[in-house]
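These protein sequence lines map, in sequence, to chains A and B.
Letter by letter, the first sequence follows residues 1 to 259 of this note's numbering.
Letter by letter, the second sequence follows residues 1 to 347 of this note's numbering.
All residues carry an ideal CB built from backbone N, CA and C; glycine is no exception.
As the structure is a computational prediction, the values presented were derived from the model and not from experiment.
Worksheet: the structure to be examined is printed underneath.
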Amino acid sequence: MRAGGLSLGISTVYLSLIVLLPIAAVVAASLEGGLAAFWDEVSSPPAVAALKLTFVISLLVVLANTVTGTLTAWVLVRDDFRGKSAVNALIDLPFALPTIVAGLTLLAIYGPKSPVGVDVAYTRTAIALALLFVTLPFVVRAVQPVLMELDREMEQAAASLGASPVTTFRRIILPNLMPAVLSGAALSFGKAVGEFGSVILISGNIPFDTEVASVHIFKAIESDDQEAAAAVSVVLLLLSLFVLIGADILERRSRRHDA
Amino acid sequence: MAKLLEGLMTLVRTSAGHAALLLGGLAVLTATVAGCGGDSASAGGNTLSLVAYSTPREAYEEIIPAFQDTPAGEGVDFDQSYAASGEQSRGVEAGLAADVVAFSLEPDISRLIDADMVASDWNKGPHKGMVTDSVVVFAVRPGNPENIQTWDDLLREGIEVITPNPFTSGGAQWNIMAAYGAQLELGKSEEEAVDYLKDLFVNHVPVQDKSAREALQTFVAGKGDVMLAYENEAIFAKQAGQPIEYVVPDQTILIENPVAVTSTSKNKVAAQAFVDFLYTPEAQRIFGENGYRPVVEDVLGEFDYPTPPNLFTIDDLGGWPDVRSRFFDREESIFLDIENELGVPTE
Chain A
1 MRAGGLSLGI STVYLSLIVL LPIAAVVAAS LEGGLAAFWD EVSSPPAVAA LKLTFVISLL
61 VVLANTVTGT LTAWVLVRDD FRGKSAVNAL IDLPFALPTI VAGLTLLAIY GPKSPVGVDV
121 AYTRTAIALA LLFVTLPFVV RAVQPVLMEL DREMEQAAAS LGASPVTTFR RIILPNLMPA
181 VLSGAALSFG KAVGEFGSVI LISGNIPFDT EVASVHIFKA IESDDQEAAA AVSVVLLLLS
241 LFVLIGADIL ERRSRRHDA
Chain B
1 MAKLLEGLMT LVRTSAGHAA LLLGGLAVLT ATVAGCGGDS ASAGGNTLSL VAYSTPREAY
61 EEIIPAFQDT PAGEGVDFDQ SYAASGEQSR GVEAGLAADV VAFSLEPDIS RLIDADMVAS
121 DWNKGPHKGM VTDSVVVFAV RPGNPENIQT WDDLLREGIE VITPNPFTSG GAQWNIMAAY
181 GAQLELGKSE EEAVDYLKDL FVNHVPVQDK SAREALQTFV AGKGDVMLAY ENEAIFAKQA
241 GQPIEYVVPD QTILIENPVA VTSTSKNKVA AQAFVDFLYT PEAQRIFGEN GYRPVVEDVL
301 GEFDYPTPPN LFTIDDLGGW PDVRSRFFDR EESIFLDIEN ELGVPTE
């Protein structure tokens, strides 16, 4: 029990220094001019447009990731094919690549000089592409270990009791995967709303059209308007917080359902 | 801030019950931060910290060894840092060690004057603190297929113009002021000049990159017909083998890049000696070879940089403080109105 107390203490201090304190500073900076000034900043038309765009695209990207990420994890765990370990290693590359390089690469492939004939640069599609790229690993890596641990006898039992593959997937596999899928999706969302490096080169940054929240924030910082930057950041933090809490609630619910 | 931290701590206290440890951690952090503050002013010893914007890097890499060959520069080591001008200025303001600062525009020096880190008489010298000049030019595709020659050409149907956003790139403010001032030179009223900017940004600028280097990236990647650029950047891109040509318009702005010794420097003698060296023919020649226009007349004469017939300066437009508040204030300004105009069709 003593060891438990100590480790709790260490993690509390650590989290406070690394996470809580910087976030508190951001919140404090956003409120320096009072609540009215905060509201003015986050309700200005360009800020609202940027936040809306960021939220909607992030949501779409997360939905896409949830399906394709689960599918990819499934293939990596359940199927056997040549080069599987290579593909498995490939999944993490978007994490390792500096995001600005990712943006540059995407621009080269899907830009005006596209070798594959696809030019979507400087559109909202390009933003979605960049976000899909940098958030790919989250769902795959969350689902994969759970799928590996999943007791296949359950599926065999279901099949022997006459359940169709679809029913087995829906009633046996999916409920077991749900918590992992949700936590992966929530992490993807958090990463997507704050993403800057990969988006900046390829989005075109036109206010009201392709300017995402992180670029809007950067603009405020470059114009020495730190309060505006902090205010919009706080909205992003709140958005992520809501999604993380929502995912957590859903996760608990699906666990309970499972039991 | 204090209240907020207190609230957060209460939250942690009740949820985890380890407030004492948290407070201890905060104390450690505070001590660490305070400790960092002590040696942040200057590198000391016989080392100079040069904090500069990105583009003159190649020039400084030649100038520094040349300085070290002089009696004043013998045995002086350099720490060099290059990044976007605004970022560097804010970095120094926040405590980044610097003995000599070189920025792309004067307001980045003004920030340090306000913070008491650069003496207010920094520009008393014969060249007013400016170490290099340049002009805003039109960078175009090889052979200039769209035959871009004048500011009016930029507004022709279907012409795409690449320029960074002036709120993210202080340097891009030169572009805007070049376009605006050119209209005045052409005999337009201030109102008409603002309309020109509006037309340009609403109908002809498809991408607003965050910095000049990224705008170049966009242009080289194939987007746009013409890019508003500094002459030195265009020359740099050409020297680097990029498929680019440039046209110097008849009406354009003289870009002036400042350099200063910080008042927080612990090595002021060497720092001043280095800044003085930057104005010697030898150093000015190196700048000239790297695409910058030397500020020293005699050296400028050695190069064949064309002089546009209607060359104007930022002071002709009211000077930076005035221009900044009229055009680039984030609360209320001409450029903010132009940006909001972009939002009209979608709302």
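Nearest in C-alpha terms to B/Glu-157, of all of B/Leu-200, B/Asp-99, B/Trp-174, B/Glu-297, is B/Leu-200. Minimum Cα-Cα distance from B/Gln-183 among the listed residues B/Ala-193, B/Leu-278, B/Asn-290 corresponds to B/Ala-193.
With respect to the 9 Å criterion, B/Val-51 and B/Ala-98 are classified as neighbours on the basis of their beta carbons.
Residues Ala-72 of the same chain have their beta carbon placed closer than 6 Å to that of B/Ala-273, with the five preceding and five following residues left out of the count. In the three-state reduction of the DSSP assignment, B/Gln-208 falls in the coil class. With a contact defined as Cβ atoms closer than 8 Å, B/Ser-134 and B/Asp-108 miss out at about 16 Å. Excluding five sequence positions before and after A/Pro-45, the CB atoms of its chain that fall closer than 8 Å to its own CB belong to Phe-208, given in chain order. By the rule that beta-carbons nearer than 9 Å mark a contact, A/Pro-98 does not touch chain B. Residue-level contact check: A/Asp-248 does not touch chain B, since none of the beta carbons of chain B fall below 9 Å from its beta carbon. Following the DSSP letters along the chain, one finds B/Val-131 inside the beta strand (DSSP E) bounded by residues 130-140. The beta carbon of A/Val-87 sits closer than 6 Å to no other beta carbon from its chain once the five residues preceding and following it are set aside.
A/Leu-21 is not a Cβ neighbour of A/Leu-106, given a cutoff of 9 Å.
One thing to note: A/Thr-135 has its Cβ within 9 Å of the Cβ of A/Ser-188. Ranked by Cα distance from B/Trp-320, the first of B/Pro-126, B/Ala-212, B/Val-161, B/Asn-257 is B/Asn-257. Taken through DSSP and simplified to helix, strand or coil, B/Asn-257 comes out as strand.
Residue-level contact by beta carbon fails for B/Ala-94 and chain A, as no gap is shorter than 9 Å. Bridge pairing for B/Thr-252: B/Leu-311 [DSSP]. Short of 6 Å from the beta carbon of B/Ala-102, and not among the five residues preceding or following it, lie these beta carbons of its own chain, in chain order: Ala-52, Val-259.
The beta carbon of B/Glu-282 sits closer than 7 Å to those of Ala-66, all from its chain and outside the five residues before and after it, given in chain order. For B/Pro-206, the nearest CB of chain A lies under 9 Å from its own CB, placing it at the interface with that chain. The shortest CA-to-CA distance from A/Pro-115 to any of B/Asp-304, B/Ala-221, B/Val-202 is the one to B/Ala-221. Within chain B, no C-beta atom comes nearer than 7 Å to that of A/Pro-22; the closest sits roughly 11 Å away. Between the beta-carbon of B/Val-137 and that of B/Glu-231 there is about 5 Å, and that keeps the pair under the 8 Å contact cut.
With a 10 Å radius around the Cβ and a threshold of 16 neighbouring Cβ atoms, A/Leu-238 comes out exposed.
Note on the region 18-61 of chain A: whole alpha helix (DSSP H) runs with a minimum of 4 residues are 21-30, 34-42, in chain order.
Across the region 251-280 of chain B, no CB contact with chain A closer than 9 Å is found for any residue. Beyond the five residues adjoining it in sequence on each side, B/Phe-303 comes within less than 6 Å, by CB distance, of Gly-288 in the same chain, given in chain order.
Rounded to whole angstroms, the Cβ separation of B/Val-248 and B/Pro-308 is 6 Å, and the two are in contact under 8 Å.
In the structure shown, A/Tyr-14 falls within a helical segment according to DSSP collapsed to helix, strand and coil. For A/Met-154, the enclosing alpha helix (DSSP H) begins and ends at 152-160. Annotated three-state conformation of B/Phe-236 is helix, per DSSP. Under the three-state reduction of DSSP output, A/Arg-82 falls in the coil class, being neither helix nor strand.
By DSSP's assignment, B/Thr-47 forms a beta bridge with B/Asp-77. Rounded to whole angstroms, the Cβ separation of A/Ala-230 and A/Ala-50 is 15 Å, and the two are not in contact under 8 Å.
The CB of B/Asn-165 comes closer than 8 Å to the CB of Asn-205, Lys-219 in chain A, given here in chain order. Interface with chain A (9 Å Cβ-Cβ cutoff): B/Glu-245 is excluded.
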